[in-house]
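Worksheet: the structure to be examined is printed underneath.
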Amino acid sequence: MEFVKLQSSLLLATGLFLSTSSQAFDYFVKRDGSQLMDGKNALRFAGIHAPELHRIEDDAKGVCKADPRGWGQYFKWPTADEQENWFQSLAFTGHKVMRTYVLSVEQEFDPNCQRETHISKPLKGKITPQLNESAMVHYDRMIALAEKYNVRLILPFIDHWPWWGGREQLAAFYGEAPEDFYNINSKTYAAYLSIIEQVINRKNTITGRLYRDEKAIMAWETGNELKDTTAEFLQSTAAHIKSLDKNHLVMDGNYTQIHDFALKDPNVDIISNHYYENVGNLSPATVSKDLQKIAGNKVYVVGEFGLLDIDQLSAIANAAIKQDYQGHKTAGFFIWGLRGHRHDGGFYWHLEPANNKTYSYHIPGFPEGESNQESAVIDLVRESIAHMNGDKNVAPLPKPLPPKLRPIRDQKDIRWMGAAVGRYYRIERSTTINGPWKIIGDNISDGINRFDPSTMTLFSDTDSVSKGTYYYRVIAINESGESAPSDVVMFLLR
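FYI, our numbering numbers position 432 of the sequence shown as 431, with every residue one higher than the one before it.
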């Protein structure tokens with residue numbers, strides 16, 4: 000059996016290119032009181048949180064048994080095709096801003112699970128942690144793609160929690176306790192400042208620019224859910240960031256409460272909160288409470304909320320869109336959380352351990368996710384984006400781009416990377432490269448939840464065919480129309 004990829008339908012049309020001068024954005028996002036400003040225009044946004052634009056937790060592989068903590072997952076870096084597909088999904092559904100998850104930190108069981116991280120322990124004889132170059136090139140590409148697809152990024156540095164490695168793992172480099180992360184006189188805190196400096200001054204290998212000069216970055220966030228933030232910690236961290244980077248905004252990564260010291264800090268631009276049941280603030284009332292506390296002194300963003308049914312999600316989203324305090328409104332919000340297409344077909348997925356019930360959502364929403372209210376949630380996000388833009392109607396989805404048909408080694412195992420907003424697919428076969436084409440599969444979905452590539456496939460050609468040469472192509476379809484065909488792939492049945 001042999002395969003050959005015969006046509007290239009996208010070529011440079013969706014490829015990244017080096018740019019050392021021009022940028023797609025005209026301005027850095029700035030703050031004017033309680034508003035975000037893109038030039039002279041106020042910027043408000045909504046979205047579905049995409050945490051894994053730069054690192055993948057591959058739940059389909061299960062828990063790594065070599066990690067004695069009992070919950071450590073397998074991780075990997077995204078392919079270029081995957082990252083571009085995910086940004087297309089965001090852009091084609093109207094997203095203007097996206098917050099990612101943190102930079103991962105090395106911990107002792109990573110080698111046993113073949114896990115790489117963004118931040119590695121200091122080299123022998125050195126004091127400061129180092130950025131892992133093989134990881135950061137994916138981060139570079141994320142920023143370059145954000146620019147290409149006109150999506151601004153909120154980038155948090157370090158996690159309070161250990162899921163990807165966080166403050167505890169950073170402190171372990173120096174034999175200190177997790178709490179020392181917040182102690183501005185500790186070795187751990189000095190390492191944290193070093194990481195910030197290394198990141199801000201990094202030169203993007205794709206755009207050729209320093210991160211501090213990338214307009215695609217909207218804000219640096221001190222970290223994820225840094226709930227033990229003190230006045231000294233925030234003051235020192237925010238001042239450090241601003242001393243290195245005059246272009247970008249600073250978001251306080253604290254959550255559950257809004258501190259007076261954050262509101263008074265001149266180097267803090269954005270106050271954020273996350274709403275979850277386990278911290279007792281998962282309510283539309285939290286929007287009003289927080290806006291009143293901030294009183295227009297800073298920009299307010301709801302960085303995460305979710306794990307609710309659609310009616311409750313709608314109530315919080317509606318509050319974030321409409322409620323105000325003395326004319327001051329929420330600048331933006333994200334519903335948790337999204338996963339994207341896999342390189343070789345299907346979607347990544349994640350079951351939220353907080354309620355052991357909610358799965359990650361997939362754009363544009365699929366019937367297979369009905370038990371998760373997936374289509375309703377994606378529709379809510381698109382409606383919220385329209386409201387935040389001041390639009391009366393939700394923008395229609397564009398026609399899908401061609402899916403990417405992968406090499407075929409078995410006609411009963413045909414796989415393709417789905418189009419960013421494709422709802423279903425048509426599979427066609429021919430005995431000659433130019434047709435005529437026979438439809439062998441129609442209305443085929445790639446939206447299966449809990450997709451396991453080791454045991455599942457997208458499509459099997461079960462027709463009884465004689466030995467010979469066959470050609471396959473796939474077309475993506477949604478309510479706006481059909482894509483051009485995918486590349487044609489030849490399969491030789493011997």
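Heads up, the beta-carbon is just placed ideally off N, CA and C, and yes, glycines get one too. Note that the structure is a prediction, hence the values are computed from the model and not measured.
Would you mind working out which of the options sits nearest residue i, comparing C-alpha positions?
i	options	result
Leu400	Glu224, Gly480, Asn223 and Val249	Gly480
Val488	Glu478, Ser444, Lys437 and Ile432	Ile432
Ile194	Ile447, Trp219 and Asp212	Trp219
Lys202	Arg68, His137, Gly222 and Leu306	His137
Ile447	Leu307, Glu369 and Thr92	Glu369
Ile153	Asp462, Trp436, Tyr181 and Tyr100	Tyr100
Ala59	Trp348, Asn371 and Val464	Trp348
Pro406	Asp378, Asp486, Pro363 and Gly345	Asp486
Leu192	Gly174, Tyr210 and Leu243	Leu243
Trp160	Glu224, Ile205, Gly207 and Ala171	Glu224
Ser463	Asp323, Lys411 and Arg425	Lys411
Ile293	Ile257, Ser119, Ile384 and Thr78	Ile257
Glu495	Arg338, Ala314 and Asn371	There is no way to answer for residue 495, as the model of the chain reaches only from 0 to 493.
Arg98	Gln87, Lys391, Asp109 and Pro50	Pro50
Val198	Leu233, Asp264, Ala176 and Asn131	Asn131
Pro121	Ala190, Thr78, Ser103 and Ala79	Ala190
Evaluate residue i with the Cβ neighbour count: other Cβ atoms within 10 Å of its Cβ, from every protein chain shown; 16 or more gives buried, anything less gives exposed.
i	result
Tyr26	exposed
Val420	buried
Ser359	buried
Ile476	buried
Pro366	exposed
Asn442	exposed
Gly38	exposed
Lys123	exposed
Leu491	exposed
Lys64	exposed
Ser453	exposed
Glu478	exposed
Ser20	In this prediction, Ser20 has a pLDDT of 48, which is less than 50 and means its spatial position is unreliable; what the coordinates show is noted afterwards. Its Cβ having fewer than 16 others within 10 Å, Ser20 is exposed.
Trp335	buried
Ile438	exposed
Gly417	buried
Gln325	exposed
Gln113	exposed
Gly207	exposed
Asn277	exposed
Trp70	exposed
If contacts are defined as beta-carbon pairs under 8 Å, then residue i and residue j qualify, I think. What distance do you get, rounded to the angstrom?
i	j	result
Asn111	Asp66	7 Å
Val473	Pro402	5 Å
Ile216	His247	6 Å
Gln106	Gln168	4 Å
Arg428	Tyr470	7 Å
Glu146	Gln22	6 Å
Asn253	Thr285	Not really, about 14 Å apart at Cβ, beyond 8 Å.
Thr221	Thr236	5 Å
Asp378	Gly364	7 Å
Gly295	His327	4 Å
Leu89	Tyr148	7 Å
Ala353	Gly93	In fact, because the Cβ distance is near 28 Å, the residues do not count as touching under 8 Å.
His117	Ala143	Contact doesn't hold; Cβ gap of about 17 Å is too wide.
Could you give the first and the last residue of the continuous alpha helix (DSSP H) run that contains residue i?
i	result
Gln234	Ala230 to Leu243
Phe91	Ala79 to Phe91
Asn371	Run containing Asn371: none; DSSP gives neither H nor E here.
Counting along the chain, where does the beta strand (DSSP E) carrying residue i start and finish?
i	result
Lys147	Per DSSP, Lys147 belongs to no beta strand (DSSP E); it is in the alpha helix (DSSP H), Glu132 to Lys147.
Ile153	Arg151 to Asp158
Val488	Val488 to Leu492
Glu518	Since the first residue of the chain shown is 0 and the last is 493, residue 518 is not available in this structure.
Trp335	Gly331 to Trp335
Ala41	Asn40 to Leu42
Trp219	Ile216 to Asn223
Leu35	Gln34 to Asp37
Lys31	According to the sequence provided, residue 31 is Asp. The question's Lys does not apply to it. Taken as a continuous stretch (DSSP letters only), the beta strand (DSSP E) holding Asp31 covers Val28 to Asp31.
Arg98	Val96 to Arg98
Gly71	Gly71 -> no beta strand (DSSP E), and no H or E assigned at all.
Val473	Gly467 to Asn477
So, is the C-beta of residue i closer than 9 Å to a C-beta in chain D?
i	result
Lys263	Of the chains in the structure shown, none is chain D; there is only one protein chain.
In chain order, which beta strand (DSSP E) runs of at least 3 residues are fully inside the segment 379-464?
423-429 and 437-443
Give, in chain order, every unbroken run of the beta strand (DSSP E) that is at least 3 residues long and sits entirely within the segment 166-199.
none
Output the residue ranges of the alpha helix (DSSP H) runs that lie fully inside the segment 249-275 and measure 4 residues or longer, sorted by chain position.
259-263
What ranges does the alpha helix (DSSP H) occupy inside the segment 277-328, keeping only unbroken runs of at least 4 residues that lie completely in it?
284-293 and 309-321
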